[in-house]
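Quick notes on the structure that follows.
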Amino acid sequence: MNKNIRLLTLALLGLATTACEEQLEEYNPSGATAEAVFTTPEGIETAINGTYTYNRAIYGKESGYALLEMGTDIWTSAANNGATSTNGVTPQPSLMTYQGLNADNVWVKNNLWQQCYAGINLCNQAMKYIGTANVTSARRPSAEAEVRFMRAWYYYLLAENFGAVPLRLEPTEGVVTTATRASVDDVYTQVLLDLEFALANLPVTLAAYPAPATASDYGRITRPAAEAFAAKVYLTRGQYQRAANYARKVTTGYTSQGIRLVASYADLWNINNQRNSEVLWAVNYSTNLTFNAGSNLGHTFFLMEYNTLPGMTRDVTNGFANVRYMPTRFLLSLYNEQNDSRYTASFKQAWLANNSATIPRWSQAEVSQNAALAPLLNQPKFAVGDTAVLTTKRSIPDFQQRYTPRFRFRTYDIDDIYSADGTPKDRFHYPSLRKFDDPTRASATETQSSRDVFILRVGDIALIGAEAQVRLGKADSAAYYVNLVRTRAALPGRTAAMQVTAAQMNLDFVLDERARELAGEQVRWLDLKRTGKLLERVRNYNPDAKNDIKDFHLLRPIPQSDIDAVTSKGDFMQNPGY
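The sequence shown begins at 425 in the working numbering and counts up one residue at a time.
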């Protein structure tokens, strides 16, 4: 849907102001007022479309990965995640270790707090005028449902990240100098009111949207997507049976509408198969990068530094490596690659030579110790297509790596990459998440990607169902949902080995399964917070962050600039610890 929105009007952007940010001077370049913009059906449709766009500041952006995926049990800092020491091993303070999480953090303020409130304010504008804008009676219920869904979505992100937050249901059209933080319970009461309205009035499929909505536009919310969100919200609020009911409906109730797990886990990440049966809601980016106001950059952050190694140079196929994030040793340990296709579908291990650069060869003295190396002594170059680099979660004896012809390429095994306690030893070279690769980029130096970002998909909601069933004490039902995704993930002939039993079901197993299924998909921080496992798991499995994470890090800091701007200081206090 958002791909067809080329530019929102300047008036609309000027009216979508942040609820609590200091606004000493307002500037509306068009001179338009809300009454002028929102009094036509076209204006309302523009506003509805605009409510979706604020997700682009979070999903597929470095700030969004840092806030929603990093600082958990499954990711840590690669060499270029902020400043590093001269050897590239010891990371400096960052969101990854919680040392950089403070009230002046620009990502917290600009990319989460402000964007959510700007989205909410636009929703409130649309809600105020939708009844007087001559929207057709056929369109009105679904139009309001979209707006109320988006308002619920942004308030969910705010409540989970910040706790008590200002709850505004009317548009902010002037300077705001006071703010009161509503309780989390009150915020969620409104989230559920909006969400239940959306559930009652959204169509099941895009094709069912009445005119003038552009029903063919991908990215618009449908009822199954709203039900998937409802499953997460009710699970978060401890209403486990309702969460289980919605998860069951999403996972198994829409097969006749073509909503189901794709047959192959790897197919989920094929860039030519993005609009598939599993995706319930996505932030979609245009292939015309100028229309995206900042495209998807997720393909760059998880890649290791391959382009400085012998036989390798940066190219489109292998990607633009920003070397920001690397998996923890714990994450790699969760996969059994002999049974589970998700490891090779998720992580790139082997790098094929793309130039004929000279590579280091063994000396005559070394060859004399191993006659099998003799044929390699006088081979000075890689052939294009040869394996140049291998990163592996296995442990390979040093003698094998150095002297066996099978390992004549550069090899980084688990012991080269991590110490036994999981502390990274090499932050430049590691198995690299490949889910977000974009081999369609125009050039090797192009960092922008048109790849969509999945926000809700069936595999995610199946495991939400498993978590709800664990909470309800229904281990058999939990195992059923886990086995749905594990059966799909099984390598040929390994389906039986991938099955789990009711006896294995507990919250930690479900979290491990969510890591295997959803690594990198901007859900991990929220998963750990929801389950009460954030502190425990970071301290157990993330050596970089274990000494820095504190109890108060279950919430983010309120931006200090907003606290400074309001006059009602007693009603708008900072979260404890910041």
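By construction, the Cβ of each residue, glycine as well, lies at the ideal position given by its N, Cα and C atoms.
Handout entry: Contacts around Glu466, its chain only, beta-carbon distance under 8 Å, and the 5 residues preceding and following it disregarded
Key = Around Glu466: Pro636.
Exercise for the section: Apply the 10 Å Cβ neighbour rule to Glu469 and answer buried if 16 or more other Cβ atoms are within range, or exposed otherwise. Expected result: So Glu469 counts as buried.
Practice task
Note down, one range per segment and in chain order, each beta strand (DSSP E) of at least 3 residues found wholly within the stretch 521-586.
Solution key: Along the stretch 521-586, the beta strand (DSSP E) does not occur as any fully enclosed run of 3 or more residues.
Exercise for the section: Answer with buried or exposed for Glu754, where buried requires no fewer than 16 other C-beta atoms within 10 angstroms of its C-beta. Expected result: A small correction: the amino acid at residue 754 is Phe; Glu does not occupy that position in the sequence shown. Its Cβ being crowded by 16 or more others within 10 Å, Phe754 is buried.
Problem - Alpha carbon of Gly662 to alpha carbon of Gln984, nearest angstrom - result: One C-alpha to the other measures close to 31 Å.
Exercise for the section: Could you tell me which residues DSSP puts in a beta bridge with Arg881? Expected result: DSSP, once it has assigned bridges, lists Val703 as partnering Arg881.
Problem - Cβ-based burial, Ser867 [other Cβ within 10 Å; buried from 16] - result: Result: exposed.
Exercise for the section: Give the secondary structure of Asp837 by DSSP, where H, G and I count as helix, E and B as strand, and everything else as coil. Expected result: It is coil, neither helix nor strand.
Handout entry: Local conformation of Thr629 per DSSP, three classes
Key = DSSP, reduced to helix, strand and coil, places Thr629 outside both helices and strands of the structure shown, so it counts as coil.
Problem - Option nearest Ala624 by Cα separation, candidates Pro590, Arg564, Lys898, Ala939 - result: Proximity to Ala624 across Pro590, Arg564, Lys898, Ala939 peaks at Arg564, based on C-alpha coordinates.
Problem - Phe653, DSSP secondary structure in three states - result: In this structure, Phe653 counts as helix in the three-state DSSP scheme.
Exercise for the section: Quick one: grab the DSSP three-state call for Arg851. Expected result: DSSP places Arg851 in coil when its eight states are reduced to three.
Exercise for the section: Report yes if the C-beta of Ala606 is less than 7 Å from at least one heavy atom of the ligand ADP; otherwise report no. Expected result: The ligand ADP is absent from the structure shown, which contains no ligands of any kind.
Practice task
Return the chain-ordered ranges of every alpha helix (DSSP H) run that is complete within the stretch 910-944 and spans a minimum of 4 residues.
Solution key: Counting only runs of 4 or more residues that sit fully inside the stretch 910-944, the alpha helix (DSSP H) segments are 919-922, 931-942, in chain order.
Handout entry: Span of the alpha helix (DSSP H) around Pro465
Key = If you look at Pro465, you'll find it in the alpha helix (DSSP H) that goes 465-477.
Exercise for the section: Please classify Thr660: does DSSP put it in a helix, a strand, or coil? Expected result: Thr660 carries a helical assignment under DSSP once its states are collapsed to helix, strand and coil.
Handout entry: Alpha carbon of Ala807 to alpha carbon of Asn779, nearest angstrom
Key = Take the alpha-carbon of Ala807 and the one of Asn779: they are about 7 Å apart.
Handout entry: Length at least 3, wholly inside the stretch 723-755: the beta strand (DSSP E) runs in chain order
Key = For the stretch 723-755, the continuous beta strand (DSSP E) assignments of 3+ residues that do not extend past its boundaries occur at 749-751, in sequence order.
Exercise for the section: Answer yes or no: do Asn708 and Tyr642 have a C-beta to C-beta separation smaller than 8 Å? Expected result: Cβ atoms of Asn708 and Tyr642: closer than 8 Å.
Handout entry: Three-way DSSP call (helix, strand, coil) for Asp764 in this model
Key = Three-state DSSP puts Asp764 in a strand.
Handout entry: Same chain only: Cβ atoms within 6 Å of Ala576, ignoring 5 sequence neighbours per side
Key = Excluding sequence neighbours, Ala576 sits near Val615, Asp618, Leu619.
Exercise for the section: Would you identify the three-state DSSP class for Arg605, choosing helix, strand or coil? Expected result: DSSP places Arg605 in strand when its eight states are reduced to three.
Exercise for the section: Identify every residue that forms a DSSP beta bridge with Tyr489. Expected result: Within the DSSP secondary-structure output, Tyr489 pairs in no beta bridge.
Problem - Backbone CA spacing between Ala481 and Asn720 [nearest angstrom] - result: Going by the C-alpha atoms only, they are around 10 Å apart.
Handout entry: For Asn964, the three-state DSSP class (helix, strand or coil)
Key = Asn964 falls in the helix class under three-state DSSP.
Exercise for the section: Go ahead and label Leu1009 buried or exposed: buried means 16 or more other beta carbons lie within 10 angstroms of its beta carbon, across all protein chains shown. Expected result: The chain is shown from 425 up to 1002; residue 1009 falls before or after that span and cannot be answered.
Practice task
Please confirm if the stretch 650-658 is in contact with the stretch 673-686, defined as three or more CB-CB distances below 8 Å between the two stretches.
Solution key: Taking 8 Å as the limit for Cβ pairs, the verdict is that the stretch 673-686 does touch the stretch 650-658.
Handout entry: Boundaries (first-last residue) of the beta strand (DSSP E) holding Trp949
Key = Segment 948-954 is the alpha helix (DSSP H) holding Trp949; no beta strand (DSSP E) there.
Problem - C-beta atoms of Asp839 and Pro967 nearer than 8 Å - result: Going by C-beta atoms, Asp839 is not nearer than 8 Å to Pro967.
Problem - Contact set for Asn999: own chain, Cβ-Cβ below 8 Å, skip 5 residues either direction - result: Same-chain partners within the cutoff: Phe586, Gly587, Phe976, Leu979, Arg980, Pro981, Ile982.
Handout entry: Reference Val962, options Tyr489, Asp822, Gly484, Asp497, closest by Cα
Key = Comparing Cα-Cα distances from Val962 to each of Tyr489, Asp822, Gly484, Asp497, the minimum goes to Asp497.
Exercise for the section: Give me whichever residues DSSP pairs with Asn720 in a beta bridge. Expected result: Within the DSSP bridge table, the entry for Asn720 names Ser873 as partners.
Handout entry: Same chain, Cβ closer than 7 Å to Val559, five either side skipped, listed in chain order
Key = Listed in chain order, the non-local C-beta contacts of Val559 below 7 Å within the same chain comprise Pro465, Ile468, Ala567, local neighbours out to five positions each way being set aside.
Practice task
Please classify Gln762: is it buried, with 16 or more other beta-carbons within 10 angstroms of its beta-carbon, or exposed?
Solution key: Around the CB of Gln762, fewer than 16 other CB atoms lie within 10 Å, so the residue is classed as exposed.
Problem - Buried or exposed (CB count within 10 angstroms, at least 16 for buried), Glu941 - result: That one is buried.
Handout entry: For Ala583 and Leu439, the rounded distance between their alpha carbons
Key = With a pLDDT of 46 at Leu439, under the threshold of 50, the modelled position of this residue cannot be trusted, and the question is left open.
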